[in-house]
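To start, the structure under review is shown below, and the notes come after it.
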Amino acid sequence: MKRPFILLGLALSLAACSTATLPLPTAGAPVDRIAAQAIGSTITLVAGTSTQINLTINGQPAQPGQLQWTTSNAAVATVTQSGYVTAVAAGTAVVRATLVAAPSNFLDIPVVVTAPANAPAPAPAPSPTPTPTPTPTPTPTPSPTPSDFEQRVLTLTNQARAVARVCGTESFVAAPALSWNANLATAARNHAADMAAKNYFSHTSLDGRTFVQRVVAAGYTGYRTLAENIAAGQTTPEQVVQGWLQSPGHCRNIMNASLRELGVGYVYNATSTYKHYWVQDFGAR
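According to mature numbering (1 follows the signal peptide of the UniProt record, and there is no 0), the sequence shown holds residues -20 to -1, 1 to 265 in order.
In structure tokens:
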């Protein structure tokens, strides 16, 4: 079965997904690394089906040859050089789109493949039943507040850091727990809110600010190391942290023992493309 899949929220400059070293705002302190990675919402396919992923670069549709497409597990999902993904067998894989002109710039898209469901047995003809008395529609239960979700992301991130793991090809020992930082949280929340309100997905704000500039503007100065993870579309903290851990770049940020503090931003906007927007801003001073 072929069905279109357009990642409107991933219409971003892939340069936002790079690793870079930037000067400090204050002199005298060393910079370890400034890392920024992006992850799109998970694609779920049934084995035997396919989907097309369309990305834009600097606001324009990607042209043939601009991106190199790879898969982490061809036994689960394959991808052509035009971004056409085919689900092979049940399991998980990560499809990566790499900017050919700058191979350090890439976007990871998790793919979950499920086994085809058995065809259901024909349902018996229903017996006539009396018309039921309508019951009142229950009042919807409010969803957890963003602060609940943000705290849960911190908890899950520290649980992940407490266990040694491999991120891509790099092994990490267990790392100390991260402490909550209000300045980093302000930067993360503001960026999540901005992406949700203006319907975009990028480490770079529409006004041109980088995540480093946003963090400093929020009051987090004198840093040694900064990193940022973003995600969109995942509906729970468990989904978003698991997605980050399955992506080598995001996993490295989470497991980086030189990072000591974390701020998390989560914003829901029903009118935006992905509705759920997540930001992790890490730091150390």
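The beta carbon of each residue, even a glycine, is placed where N, CA and C say it ideally should be.
If you're wondering where the values come from, they're calculated on a predicted model, not measured in any experiment.
Give the range of the alpha helix (DSSP H) segment to which residue i is assigned.
i: H230; result: 228 to 235
i: N170; result: 162 to 178
i: A197; result: 191 to 197
Using the Cα positions of residue i and residue j, report the straight-line distance between them to the nearest angstrom.
i: A197; j: G223; result: 28 Å
i: P217; j: V133; result: 5 Å
i: I23; j: E241; result: 31 Å
i: T50; j: Q214; result: 23 Å
i: residue 281; j: A250; result: With the chain running from -20 to 265 in the structure shown, residue 281 is simply not present.
i: R141; j: C147; result: 12 Å
i: G263; j: Y203; result: 7 Å
i: F181; j: T135; result: 25 Å
i: T36; j: T78; result: 12 Å
i: G229; j: L87; result: 10 Å
i: T201; j: A95; result: 50 Å
i: V143; j: V221; result: 14 Å
i: S62; j: P44; result: 7 Å
i: L239; j: R232; result: 11 Å
i: Q219; j: S159; result: 22 Å
i: Q226; j: V91; result: 10 Å
i: P83; j: D174; result: 28 Å
i: S52; j: T29; result: 18 Å
i: Q40; j: V259; result: 25 Å
i: T149; j: N236; result: 14 Å
i: S127; j: G199; result: 20 Å
i: I89; j: N34; result: 12 Å
i: A7; j: G188; result: With a pLDDT of 30 at A7, under the threshold of 50, the modelled position of that residue is not reliable, and no figure is offered here.
i: N85; j: Q48; result: 11 Å
i: N161; j: T60; result: 42 Å
i: T190; j: R145; result: 29 Å
i: Y254; j: R265; result: 33 Å
i: L4; j: V93; result: With a pLDDT of 26 at L4, under the threshold of 50, the modelled position of this residue cannot be trusted, and the question is left open.
Hey, residue i and residue j: beta-carbon distance below 9 Å or not?
i: S252; j: A177; result: yes
i: D261; j: L206; result: yes
i: H171; j: I234; result: no
i: A165; j: E130; result: yes
i: V65; j: T72; result: no
i: V80; j: Q46; result: yes
i: L25; j: A55; result: no
i: A70; j: A42; result: no
i: N163; j: V195; result: yes
Since residue i is in the beta strand (DSSP E), which residue starts that stretch and which ends it?
i: V92; result: 86 to 94
i: S185; result: Careful: S185 lies outside any beta strand (DSSP E) and carries neither H nor E.
i: Q260; result: 256 to 264
i: R145; result: 145 to 147
i: A57; result: 57 to 59
i: T251; result: Premise fails: T251 is in no beta strand (DSSP E) and is neither H nor E.
i: Q32; result: 30 to 37
i: L47; result: 47 to 51
i: T216; result: Run containing T216: none; DSSP gives neither H nor E here.
i: A77; result: 71 to 79
i: S238; result: Careful: S238 lies outside any beta strand (DSSP E) and carries neither H nor E.
i: A66; result: For clarity, residue 66 is Thr in the given sequence; the question names Ala instead. Its beta strand (DSSP E) spans residues 64 to 67.
i: V153; result: Element bounds for V153: n/a, residue is neither H nor E.
i: T201; result: From DSSP, T201 is part of no beta strand (DSSP E); its letter is neither H nor E.
i: L24; result: Reading off the sequence, residue 24 comes out as Thr, not Leu. Counting along the chain, the beta strand (DSSP E) containing T24 begins and ends at 23 to 26.
Assuming residue i and residue j make a contact with CB atoms under 8 Å, what is their CB distance in whole Å?
i: residue 354; j: H256; result: Shown here, the chain extends from -20 to 265; a query on residue 354 therefore has no answer.
i: A157; j: N138; result: 4 Å
Margin query: Measuring CB atoms only, is the stretch 246 to 257 touching the stretch 147 to 158, in the sense that at least three cross pairs come out at less than 8 Å?
Written below: no
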